[in-house]
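First up is the structure itself, then whatever we jot down about it.
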Amino acid sequence: MNKLGATLVGFADLSQIDEELRKGFPFGISIAIALNHSIVAKIQTGSHLDYYYEMESVIKKLKDLSNYMEDFIKAKGFNAFSQASIKQDSHCRTPLLHKNCSY
Numbered sequence: 001m002n003k004l005g006a007t008l009v010g011f012a013d014l015s016q017i018d019e020e021l022r023k024g025f026p027f028g029i030s031i032a033i034a035l036n037h038s039i040v041a042k043i044q045t046g047s048h049l050d051y052y053y054e055m056e057s058v059i060k061k062l063k064d065l066s067n068y069m070e071d072f073i074k075a076k077g078f079n080a081f082s083q084a085s086i087k088q089d090s091h092c093r094t095p096l097l098h099k100n101c102s103y
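For what it's worth, our numbering labels the leading residue of the sequence shown as 1, then goes sequentially.
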């Protein structure tokens with residue numbers, strides 16, 4: 001995943017989370033991409049537009065990586081599900097919050 005742009009990849013035991021929310025999966029994979037430090041440093045003093053475009057780009061990359069990982073796992077004969085394919089609610093949340101896979 002690092003070669004594809006991920007900065008960090010982690011794995012989580014989801015067994016303590018409601019089975020319906022986790023779609024029956026006992027484990028989750030969390031993927032992170034670091035933001036451009038120079039853009040983040042300008043947030044307090046510069047244009048927020050650069051930050052917006054950086055976030056837009058990173059979110060797209062995360063969705064692509066999530067979908068890639070789903071396909072990769074399925075190709076190995078296992079079941080997998082990418083949260084990138086879930087519609088967010090009115091609060092921009094998915095049923096299984098991303099932070100549940102990142103602890």
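Ideal placement from N, C-alpha and C gives every residue a C-beta, glycine not left out.
Item	Value
Is the segment 58-73 in contact with the segment 31-50, if contact means three or more CB pairs nearer than 8 Å?	yes
Measuring CB to CB, does ALA12 end up less than 9 Å from GLY28?	yes
Give me, in chain order, the residues of the same chain whose beta-carbon lies closer than 7 Å to that of LYS42; leave out the 5 immediate sequence neighbours on both sides.	ASP50
List the whole-angstrom C-beta distance separating LEU4 from LEU65, where the pair is believed to meet the contact cut-off of C-beta under 8 Å.	6 Å
First and last residue of the alpha helix (DSSP H) that includes PHE72?	48-75
How many Å lie between VAL40 and VAL9 at the Cα?	21 Å
Enumerate in chain order the residues of its own chain whose CB-to-CB distance from GLU54 is below 7 Å, with the five nearest sequence positions on each side excluded.	LEU35, ASN36 and ILE39
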